[in-house]
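**Q** One structure is given below, represented as C-alpha cells, and several questions about it will come after.
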Amino acid sequence: MIDIWYKFIEFCFPFSWTHYVFMKNALLAIILISPVFAQMGTLVVNNRMVFFSDVLAHSTLASLAIGVIFGFQEPSLVMIGFAVLLAIAINFLKKMSNLSMDTVLGILSAFIVALGVVILSRQGGFSKFSTYLIGDILSISTEQLASIIFLWVIVFWFWYKYGNKLILMSVNASLARSRGINIFWLETSFTVLLAIVIMVNIKLVGILIMNSLLVIPAAASRNISRNIKTYTLSAVLISVISGITGLIFSYYWGTASGATIVIFLTLSYVITLIYAKILQSR
Amino acid sequence: MPRDCGHCCTRISDLNVKINGHHILQNINLHINCGEILAIIGPNGAGKTTLLNAILGEMPYTGKMSFLVKKTRANKPKIGYVPQRLQIEPNSPVSVQDFVSASISNHPIWTGFPKKVADQCLECLKPFSAEHLIKRKICELSGGELQRVLLATAMVPTPDLLLLDEPGTGVDVSGLVLFYELVRGLRTQHDISVIIVTHDLFGVAEYVDHLVLLNRSIIAEGTPQEVLSDKKTFETFAFHKL
Numbered sequence: 049m050i051d052i053w054y055k056f057i058e059f060c061f062p063f064s065w066t067h068y069v070f071m072k073n074a075l076l077a078i079i080l081i082s083p084v085f086a087q088m089g090t091l092v093v094n095n096r097m098v099f100f101s102d103v104l105a106h107s108t109l110a111s112l113a114i115g116v117i118f119g120f121q122e123p124s125l126v127m128i129g130f131a132v133l134l135a136i137a138i139n140f141l142k143k144m145s146n147l148s149m150d151t152v153l154g155i156l157s158a159f160i161v162a163l164g165v166v167i168l169s170r171q172g173g174f175s176k177f178s179t180y181l182i183g184d185i186l187s188i189s190t191e192q193l194a195s196i197i198f199l200w201v202i203v204f205w206f207w208y209k210y211g212n213k214l215i216l217m218s219v220n221a222s223l224a225r226s227r228g229i230n231i232f233w234l235e236t237s238f239t240v241l242l243a244i245v246i247m248v249n250i251k252l253v254g255i256l257i258m259n260s261l262l263v264i265p266a267a268a269s270r271n272i273s274r275n276i277k278t279y280t281l282s283a284v285l286i287s288v289i290s291g292i293t294g295l296i297f298s299y300y301w302g303t304a305s306g307a308t309i310v311i312f313l314t315l316s317y318v319i320t321l322i323y324a325k326i327l328q329s330r
Numbered sequence: 016m017p018r019d020c021g022h023c024c025t026r027i028s029d030l031n032v033k034i035n036g037h038h039i040l041q042n043i044n045l046h047i048n049c050g051e052i053l054a055i056i057g058p059n060g061a062g063k064t065t066l067l068n069a070i071l072g073e074m075p076y077t078g079k080m081s082f083l084v085k086k087t088r089a090n091k092p093k094i095g096y097v098p099q100r101l102q103i104e105p106n107s108p109v110s111v112q113d114f115v116s117a118s119i120s121n122h123p124i125w126t127g128f129p130k131k132v133a134d135q136c137l138e139c140l141k142p143f144s145a146e147h148l149i150k151r152k153i154c155e156l157s158g159g160e161l162q163r164v165l166l167a168t169a170m171v172p173t174p175d176l177l178l179l180d181e182p183g184t185g186v187d188v189s190g191l192v193l194f195y196e197l198v199r200g201l202r203t204q205h206d207i208s209v210i211i212v213t214h215d216l217f218g219v220a221e222y223v224d225h226l227v228l229l230n231r232s233i234i235a236e237g238t239p240q241e242v243l244s245d246k247k248t249f250e251t252f253a254f255h256k257l
C-alpha cells in the first residue's frame with residue numbers, strides 16, 4: 049500500500065526532497081492530518097472553544113509527567129486518557145458553576161504546564177521532552193499513519209451524525225435544547241473527540257503550534273465563507289495547501305516543519321482577510 | 016377570540032424558583048389553553064426569562080407544571096422556542112439555509128443541500144415571507160428578518176406550545192406588527208398555545224388574549240384592558256421608569 053504512495057509521489061514531484069522516505073511519510077501525514085484538524089477547527093471556532101483546545105494541548109506535559117512517575121512505557125495512552133479526563137472535568141465544571149470559563153481555563157492552563165515542567169525538569173532532564181513542544185512530523189512511523197487514518201474515519205462519522213446538532217448548539221444552546229438535543233452529552237463527546245485528536249498528533253505537531261493548526265484554517269475560511277459547506281471545504285483546502293507548502297519550504301529552508309506550516313497558515317489568513325475587505329468595499 | 020378545543024393546555028401551579036437563597040419567582044400560577052396567546056409582561060429583572068427557562072426545563076424549580084396534549088398528559092410537550100438573540104459573531108458563516116436545515120432535517124448540512132432538503136427549507140420559510148433570505152448569513156439579517164426566520168423554524172414540526180422571548184428586541188415597529196400578525200395567524204391555523212415574554216407592554220397588548228403582569232410574583236392578570244387599567248400595572252412600570 050505504502051509503496052504505491054511512494055511511487056506516486058516520486059512520479060508527481062520529481063524533486064530532491066521526494067528521495068527521502070521521511071518526507072514522503074510526512075507529506076502523507078499532512079494530507080491526512082490537515083483535513084481532520086480543519087474540520088474539528090471549524091467547530092472549535094464556532095463554539096468558542098479556542099482556549100479550551102489550547103488547555104488540552106498544554107496538558108501534554110502534565111500527562112507525560114504522570115507517565116514518567118508511574119513508569120509507563122507508552123506515554124501516548126496516558127496522554128489520551130489524561131486529556132479525555134480533563135475534557136470531561138472541564139465540562140462538568142462548566143455545567144456546575146457559573147464561573148467565567150475564560151478565567152478558569154487560564155488558571156488551569158498555567159497550572160497544568162507548571163505541574164508538567166516541575167516534574168519533568170527534576171534533575172535537569174527536561175530537554176529530552178522538548179520535541180513535544182515544537183513537534184516533529186518527519187519522525188512519523190507507518191503505525192502512526194494507520195492511527196491517523198482510523199481517526200479520520202471516526203471524525204468523519206461524528207461529523208456526519210452530529211455536525212448539524214453542534215452547529216445548532218453554537219447558534220443558541222437553549223434553542224438546540226428545545227429541539228431535544230442533549231447539550232451536555234453532545235458537548236462532552238465533542239470535547240473527548242477533540243482531546244483524542246490532539247493527543248494522537250501532539251508528538252508530530254507540537255504543543256506550541258497545535259492550536260494554530262486547529263484555529264487558523266477555520267478563522268481564514270470564515271473570512272470568505274457564506275455558508276457551512278464552503279466554510280468546511282475552504283478550511284480543509286487552506287489547511288492542506290498551507291500544510292504541503294510549509295512542509296516543502298521547511299525542507300529547503302532547513303527549518304522546523306510544524307512552525308513553517310503555521311507561517312503559511314497565517315499568511316493564508318491575511319490573504320483571506322484582505323480579500324474579504326476588498327469584497328466589502330466594492 | 017381564542018377557540019378552546021379542550022384538548023390541550025399548559026398548567027403551572029405554585030411554581031417557585033430560588034437562586035442562591037433568593038426568591039426569583041414566587042407562587043406562580045398560570046393556565047393557558049390551546050389557541051390562546053398569553054403575554055407575560057414585567058420590568059427588567061422581574062423574572063420573565065427565568066420563568067421561560069423553567070418552562071423550557073433549563074431552570075430547576077419547585078411546584079408543578081403539567082401539559083395536556085390532545086387530551087393525554089404529556090411530560091414533554093413539543094415546544095417551539097424563539098430566543099431573544101443568537102450567540103453568533105458578526106462573521107459567523109451560518110446561512111439561513113444552514114440554520115433552518117440543521118433544525119428541521121437530519122441531512123448533514125456541510126455536505127450541501129439535495130433538492131428535497133432545499134425544498135423543505137423553502138417550504139418552511141414561505142409562510143413567513145422569509146424565503147428570499149435563504150442564502151443570506153444569519154449574522155447579516157435585520158432584527159425583524161431574524162425573528163421571522165426563527166419563528167418559521169420553531170413551527171416545524173408544529174409545536175404544542177410556542178415560546179417567544181422578547182420578540183421586540185432590535186425590531187422596528189413595522190417589523191414587530193408584521194411579526195405579531197404572523198403569530199396571530201398561527202394561532203388560528205394550528206390551534207397552538209403561545210406565550211410571549213416582553214417588557215413592551217403597549218406593543219403586545221393589541222395582539223394577545225391574556226396578559227400577566229409579573230414582578231417576581233404575579234401582580235395582575237386578565238384581559239389586556241383589565242391589566243392595562245389596573246393601578247398596579249402603572250405603579251410597577253412607573254417605578255421602573257420604563
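Quick note, the sequences are listed as chains A and B, same order.
Here the working numbering is used: the first residue of the first sequence is 49, the next is one more, and so on.
Here the working numbering is used: the first residue of the second sequence is 16, the next is one more, and so on.
For each residue, glycine too, the CB sits at the ideal point set by N, CA and C.
This structure is a prediction, so every number in the text was calculated from the model and none was measured.
Would you mind stating whether S273(A) and S260(A) have Cβ atoms separated by less than 8 Å?
**A** Not closer than 8 Å, so no.
**Q** So what's F82(B) in DSSP terms, helix, strand or just coil?
**A** Correct three-state label for F82(B): strand.
**Q** Taking Cβ-Cβ distances below 8 Å as the criterion, which residues of the stretch 104-116 of chain B are in contact with chain A?
**A** Under the 8 Å Cβ criterion, the stretch 104-116 of chain B contributes N106, S107, P108, V109, S110, Q112, D113, F114, S116.
**Q** Can you tell me the Cα-Cα spacing of T320(A) and P123(B), whole angstroms?
**A** If you take the alpha carbons of T320(A) and P123(B), they lie about 26 Å apart.
**Q** When DSSP labels each residue in this structure, what does E181(B) get in the three-state scheme?
**A** E181(B) falls in the coil class under three-state DSSP.
**Q** So is I124(B) in contact with chain E if we call contact Cβ pairs under 8 Å?
**A** Considering every chain present, this structure includes no chain E. Its protein chains are A and B.
**Q** At a cut of 8 Å, does the stretch 144-157 of chain B reach the stretch 226-241 of chain A through at least three beta carbon pairs?
**A** The stretch 144-157 of chain B vs the stretch 226-241 of chain A: no contact.
**Q** Within the same chain, show all residues whose beta-carbon is closer than 7 Å to that of L168(A), passing over the 5 residues directly before and after it, in chain order.
**A** Hits under 7 Å: L109, L112, A113, V116, F174, F177.
**Q** With the cut-off set at 8 Å, would you say L337(A) and F198(A) are in Cβ contact?
**A** Nothing about residue 337(A) can be read from this structure; chain A reaches only from 49 to 330.
**Q** Looking at C-alpha atoms only, which residue of D51(A), F70(A), A86(A), A304(A) is the closest neighbour of T179(A)?
**A** Residue A304(A) is the option with its Cα nearest to T179(A).
**Q** Please confirm whether Y195(B) has its beta-carbon closer than 8 Å to some beta-carbon of chain A.
**A** Answer no: the Cβ-Cβ gap between Y195(B) and chain A never drops below 8 Å.
**Q** For F100(A), tell me which candidate among L125(A), N73(A), L156(A), F56(A) has the shortest Cα-Cα distance.
**A** The option with the nearest alpha carbon to F100(A) is L156(A).
**Q** Can you list the residues of chain A that K152(B) reaches, using a CB-CB cut of under 8 Å?
**A** Chain A residues near K152(B): R274, N275.
**Q** Quick test of your reading: W200(A) and V84(A), contact by CB under 8 Å. State the CB separation rounded to the nearest angstrom.
**A** Right, the Cβ-Cβ distance comes to about 6 Å (below 8 Å), so this counts as a contact.
**Q** So within the stretch 73-157 of chain B, which uninterrupted beta strand (DSSP E) runs reach at least 3 residues, ignoring any that extend past its ends?
**A** Qualifying beta strand (DSSP E) stretches, in chain order: 77-84, 87-89, 94-97.
**Q** Skipping 5 residues on each side, what residues in its chain have a beta carbon closer than 6 Å to that of S316(A)?
**A** Hits under 6 Å: A268, I286, S290.
**Q** When the Cα atoms are used, what is the spatial distance from M170(B) to S244(B)?
**A** C-alpha separation (whole angstroms): 34 Å.
**Q** Within this structure, are the beta carbons of S107(B) and R227(A) separated by less than 8 Å?
**A** No, the Cβ-Cβ distance between S107(B) and R227(A) is not below 8 Å.
**Q** Counting only beta-carbon separations shorter than 8 Å, does R330(A) have a partner in chain B?
**A** For R330(A), the answer is no, since every Cβ of chain B falls outside 8 Å of its Cβ.
**Q** What's the gap between the Cα of L209(B) and the Cα of S148(A)?
**A** It should be noted that the sequence gives Val, not Leu, for residue 209(B). Distance between the alpha carbons of V209(B) and S148(A): 34 Å.
**Q** Run down chain A in chain order and give the residues with a C-beta less than 7 Å from the C-beta of P290(B).
**A** With chain B represented from 16 up to 257, any question about residue 290(B) goes unanswered, as that position is not in the structure.
**Q** Under the assumption that H205(B) contacts T173(B) (Cβ atoms under 8 Å), give the Cβ distance between them as a whole number of angstroms.
**A** Right, their Cβ atoms sit about 5 Å apart.
**Q** For F159(A) and L153(A), I'd like the C-alpha separation in whole angstroms.
**A** Computed Cα separation, rounded: 10 Å.
**Q** Apart from the five residues on each side of it in sequence, which residues of its chain come closer than 7 Å, Cβ to Cβ, to Q41(B)?
**A** So the qualifying residues of the chain are N31, R231, S232.
**Q** Which residue's Cα is closest to the Cα of I128(A): V310(A), K142(A), M217(A), A105(A)?
**A** Selected option, being the one with the closest Cα: A105(A).
**Q** Quick one: is S195(A) buried, meaning 16 or more other Cβ sit within 10 Å of its Cβ, or exposed?
**A** By the 10 Å Cβ count, S195(A) comes out exposed.
**Q** Mind checking if S208(B) is an interface residue toward chain A, Cβ cutoff 8 Å exclusive?
**A** So, not an interface residue.
**Q** By the DSSP assignment, the beta strand (DSSP E) with R26(B) in it spans what residues?
**A** 24-34 is the extent of the beta strand (DSSP E) around R26(B).
**Q** Under 9 Å between beta-carbons, which chain A residues line up against Q102(B)? List them in chain order, please.
**A** Here the neighbours are R96, S218, V219, N220, A221.
**Q** Based on Cα-Cα distance, which residue from V132(A), T151(A), N220(A), L193(A) lies nearest to L165(B)?
**A** It is N220(A).
**Q** Would you call the stretch 246-264 of chain A in contact with the stretch 52-65 of chain A, where contact means no fewer than 3 C-beta pairs closer than 8 Å?
**A** Too few Cβ pairs lie closer than 8 Å, so no.
**Q** Could you round the C-beta distance between C139(B) and Q112(B) to whole angstroms and report it? I think they count as a contact, below 8 Å.
**A** Not quite, the Cβ-Cβ distance comes to about 10 Å (not below 8 Å), so this is no contact.
**Q** Output the boundary residues of the alpha helix (DSSP H) element that contains L193(A).
**A** Taken as a continuous stretch (DSSP letters only), the alpha helix (DSSP H) holding L193(A) covers 190-219.
**Q** Which residue's Cα is closest to the Cα of I39(B): T25(B), L67(B), H46(B)?
**A** Ranking T25(B), L67(B), H46(B) by Cα distance to I39(B) puts L67(B) first.
**Q** Does DSSP put M16(B) in a helix, a strand or coil?
**A** Note that M16(B) scores a pLDDT of 44, beneath 50, so its modelled location is shaky and nothing firm can be said.
**Q** Of the residues Q99(B), S110(B), V198(B), L229(B), which one's Cα is nearest the Cα of G158(B)?
**A** With distances taken between Cα atoms, G158(B) lies closest to Q99(B).
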